[in-house]
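Participant: Counting in the working numbering, the sequence shown runs from 11 upward without gaps.
Quick reminder that beta carbons are idealized off the backbone N, C-alpha and C, glycines included.
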Amino acid sequence: MLLDLKSLFSGESDRLPFSCEMDLSETEWNGIFPFVSPVAVEGVATASYGSVQLEAEVSFDYEAPCDRCTASVKRRYHYRFSHLLSDSQEEKDDDSIQVDEEHTLDLDELLRSDILLELPYKFLCREECKGLCPSCGKNLNEGPCGCNLHQIDPRLEVLRKLID
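1. Any idea if G21 is buried or exposed, counting beta-carbon neighbours within 10 angstroms, 16 or more meaning buried?
2. Can you round the beta-carbon distance between I42 and A74 to whole angstroms, since I take them to be within the 8 Å contact cut?
3. Report yes if the CB atom of S47 is closer than 8 Å to the CB atom of S106, and no otherwise.
4. Let me know the secondary structure DSSP gives L34 once reduced to three states.
5. Can you tell me the Cβ-Cβ gap for L18 and A57, rounded? I've got them flagged as a contact below 8 Å.
6. Assign V68 to buried or exposed, taking buried as 16 or more other Cβ atoms, counted over all protein chains shown, within 10 Å of its Cβ.
7. Along the chain, where does the alpha helix (DSSP H) containing I173 start, and where does it finish?
8. Whole angstroms is fine: what's the gap from S145's alpha carbon to T114's?
9. Using the C-alpha atoms, what's the distance from V83 back to R90?
10. Going straight from the alpha carbon of C143 to that of L150, what length do you get?
11. Hey, could you find the ends of the alpha helix (DSSP H) L121 is sitting in?
12. Quick one: Cα of S23 to Cα of D77, how far?
13. Would you mind stating whether F28 and V49 have Cβ atoms separated by less than 8 Å?
14. Quick check: D127 and A66, are their CB atoms within less than 8 Å of each other?
15. Could you check if Y131 is buried or exposed, using at least 16 other CB atoms within 10 Å of its CB as the buried criterion?
16. Do L15 and V109 have their beta-carbon atoms positioned less than 8 Å apart in this structure?
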C-alpha cells in the first residue's frame with residue numbers, strides 16, 4: 011500500500027488514519043512460509059513540526075515447527091511500530107525515514123521489514139520443550155525414550171575400565 015503523505019507535509023491536514031491488509035504468505039522465513047493469514051494493519055500518520063510521525067499496529071497468525079521437537083505451533087502476534095518520516099534531504103537524522111519527492115511511502119515494505127525484525131529467532135512450542143532424542147528421534151515431551159544418553163567419550167573409556 012502506498013501512503014500519500016502530501017497533505018501532512020503541506021500542512022493541509024494534521025492526521026491521516028489508515029488500515030489495510032498485507033499478504034505475506036509468499037514471504038520465506040528460516041526456510042518456511044509461516045504467515046498463514048493476512049497481516050491486519052491499523053495506524054495513523056500525524057504531522058509534527060515539518061515531519062510526520064507514523065504509528066502502526068499489526069496482527070497476524072504465524073505457524074511454524076518448534077525448533078526443538080518439530081511439532082507444528084500456531085501463534086497470533088501483535089506488534090506496534092513507530093517511525094519518524096522526513097521529506098527534507100538536508101535533515102540527515104539517523105532515526106528518520108526519508109520519503110520520496112512525491113511524499114509517498116511504501117507502507118508494505120516498511121512494515122514487512124519491521125515484522126521480520128521483530129519475529130523471534132527461536133520458535134518453541136513452549137519454554138520447557140525437551141526436544142527430540144538425538145539417538146532414536148522420539149519426542150521427549152511425550153515421555154522418556156529409554157536410550158542411554160550418557161555415552162562416554164571413547165577416548166576416556168580406558169579410564170572408566172580402570173575405575174571399575
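Facilitator: Short version:
1. Exposed.
2. Going by Cβ atoms, the distance from I42 to A74 rounds to 6 Å, so yes, they are a contact pair.
3. The Cβ-Cβ distance between S47 and S106 does not fall below 8 Å.
4. DSSP places L34 in coil when its eight states are reduced to three.
5. Confirmed, about 4 Å.
6. V68 comes out buried.
7. Run containing I173: E167 to I173, per the alpha helix (DSSP H) assignment.
8. Going from the Cα of S145 to the Cα of T114 covers about 56 Å.
9. Each residue's alpha carbon lies about 23 Å from the other.
10. A direct Cα-Cα distance of roughly 6 Å separates C143 from L150.
11. L121 -> alpha helix (DSSP H) spans L117 to E128.
12. The straight-line gap from Cα to Cα measures roughly 48 Å.
13. No.
14. Sequence inspection shows Leu at residue 127; the Asp mentioned does not correspond to that position. Going by C-beta atoms, L127 is not nearer than 8 Å to A66.
15. By the neighbour-count definition (other C-beta atoms within 10 Å, threshold 16), Y131 is an exposed residue.
16. One thing to note: V109 has its Cβ within 8 Å of the Cβ of L15.
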